[in-house]
Structures are given as C-alpha cells and as structure tokens.
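Trainee:
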Amino acid sequence: MKKVFARPESLKLTPFHYCPGCGHSIIHRLVSEVIDELGIRERTVGVPPAGCAVLAYNYFDVDMAEAPHGRAAAVATGIKRVRPDLVAFSYQGDGDIAAIGTAETIHAANRGERITAIFVNNAVYGMTGGQMAPTTISGQVTTTTPLGRAPLRDGYPLDLSEMLGIAAGSVYIERTSVSSPKWINKTKKAIRKAFMVQLEDRGFSLVEILSPCPTNWKMTPVQSIRWVEETMMTIFPPKVIKDVA
12 MKKVFARPES LKLTPFHYCP GCGHSIIHRL VSEVIDELGI RERTVGVPPA GCAVLAYNYF
72 DVDMAEAPHG RAAAVATGIK RVRPDLVAFS YQGDGDIAAI GTAETIHAAN RGERITAIFV
132 NNAVYGMTGG QMAPTTISGQ VTTTTPLGRA PLRDGYPLDL SEMLGIAAGS VYIERTSVSS
192 PKWINKTKKA IRKAFMVQLE DRGFSLVEIL SPCPTNWKMT PVQSIRWVEE TMMTIFPPKV
252 IKDVA
C-alpha cells in the first residue's frame, strides 16, 4: 500500500502539550514539512523564546537554541553570522515578537539579516493567562481588558508585519492563517518561500500566521476559527506585504 501521509522527519514523535484547537501544532507540522522537503534538516537551527512555543525544542527534530523573551531575532542573527552555512529560524508568538522583541526584530529586518521568522499571532498573551497583547483587537476582552481593549487607554493593535515591510533589508513578508485547509496550504507555501529567501542569501523574511486560541478567547475551537476569519482578518488581512523579486 502506498503511503501518502506520514509524520515529517523534522517533527519528533512527541504528543503536543498545546490546548485543543490551538494552531501551534499545525504550524509546527508545516515548518517541519518544509524543512524536510528542502533537505535542510541537518543544518537548520530553530530559536524559540518565551511563550506558548517555549517548549518547541520538544517537537522539532532539528538543533534548537532557546532565546530570552523577545530576543529570538538577536540569537538567530548571532547563529547565522557565526555559521552562515546554517539555516536559522525563529518561532515567536505575538506577545514576544510584537512586544518585548519589537526592537530586535525591526533592526534585524532593517539590517537584512539572513534569518527567517515564524510569527504566530493569536492576539493575546497565551502562556501567561490571556492578557492584552500589542496585537489585541480594539474591543477584545482579555484578562487585563475585561471591558474590551479601548484605543484611547490601551492604544491600537500593532501591525508589526506592515512595519517590517518598510524596513530596507526585509525581502519577503506575508500574513496568512491556519483557520481552514485553504489557508493551511497557503501558509505552507509562504513558509517555504520564506526559507528560500534565506537559502538564496537575499535578506530577512517573515511569515505572520493568524492562529486561534480557544482557551484564552473563551471560545470553542469552531468559534475561534470563525473569529479568526470574521474578526482578526478584518484588522490583520492576509496578504503578501512585501516580496522583493
């Protein structure tokens, strides 16, 4: 019998700890599939910082280097500059890359560092209890905005990917989702392209992925998927933000 579907070699045979309906496990698989298909497993280094993905080293079967909160771009930059033959990628949530890690990420993009960032946006601080994040949508209820995010008090949702698009050294920036099979397929293509930008030594690449967080949104998995497509996508529309040919 022909095998048409199997676990990627770059993904360990380890049960995920993520909540039911979370998008991290899907994204882990997509990244692993791309690494396998590009044949770069033996020279790939992943860099997860704090957040829900802090235990990513339990799942990716590649070399991993843990980073302090928000510093994944800096750690990945150091790895890539010392060993330019390696493929370095960061794996970061919005509470990391768009908050404490904003400076490192913007400057890495502006310098054109040859690294790839996987940016998982679920609009809250997932690991620590669902507090408001920079990407929390106006009116969204979180544990620190029980009446909803108020722009005059809390500021507006931060569109980091658009900011990175104007950085001189960024080459490829795309926003996608894992809310449906159609979007999952598009996300895999975006991840593959982002890695190819690094393999071609062209500059900084990033894929932002809109991902459901049923636990902290106080929704069922089905409701959270609908919320991604009906609410998040109106504020963070999936699109290619920058693609330098």
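Letter by letter, the sequence shown follows residues 12 to 256 in this note's numbering.
The C-beta atom is built at its ideal place from N, Cα and C for all residues, glycine as well.
For A128, list the residues DSSP reports as bridge partners.
Mentor: S101, L217
Trainee: By the 10 Å Cβ neighbour count, where 16 or more other Cβ atoms means buried, how is V45 classified, buried or exposed?
Mentor: buried
Trainee: According to the Cβ coordinates, are G141 and Q103 closer than 9 Å?
Mentor: no
Trainee: Who are M75's beta bridge partners in DSSP?
Mentor: G57
Trainee: Keeping to the same chain, check which residues put their C-beta closer than 6 Å to that of Y249; ignore five residues upstream and five downstream.
Mentor: In the sequence on display, residue 249 carries Pro and not Tyr. Within the same chain, P249 has close Cβ partners R186, T187, S188.
Trainee: Decide yes or no for the touch test of the stretch 213 to 228 against the stretch 236 to 249: beta carbon pairs closer than 8 Å, at least 3 of them.
Mentor: yes
Trainee: Just curious, the alpha helix (DSSP H) that I252 is in, first and last residue?
Mentor: Element bounds for I252: not the alpha helix (DSSP H) but the beta strand (DSSP E), 250 to 254.
Trainee: Considering only residues of the same chain and omitting the five flanking positions on each side of T116, which have a CB-CB separation below 6 Å?
Mentor: A84, I108
Trainee: List the residues that DSSP assigns as beta-bridge partners of S188.
Mentor: Per DSSP, L221.
Trainee: Comparing C-alpha positions only, which one of T231, A179, A76 sits nearest to R213?
Mentor: A179
Trainee: Would DSSP call S21 helix, strand or coil?
Mentor: If DSSP states are grouped into helix, strand and coil, S21 belongs with coil.
Trainee: Assuming A78 contacts P95 under a Cβ cut-off of 8 Å, what Cβ separation, rounded to an integer in Å, is found between them?
Mentor: With a Cβ gap of about 19 Å, A78 and P95 do not count as contacting.
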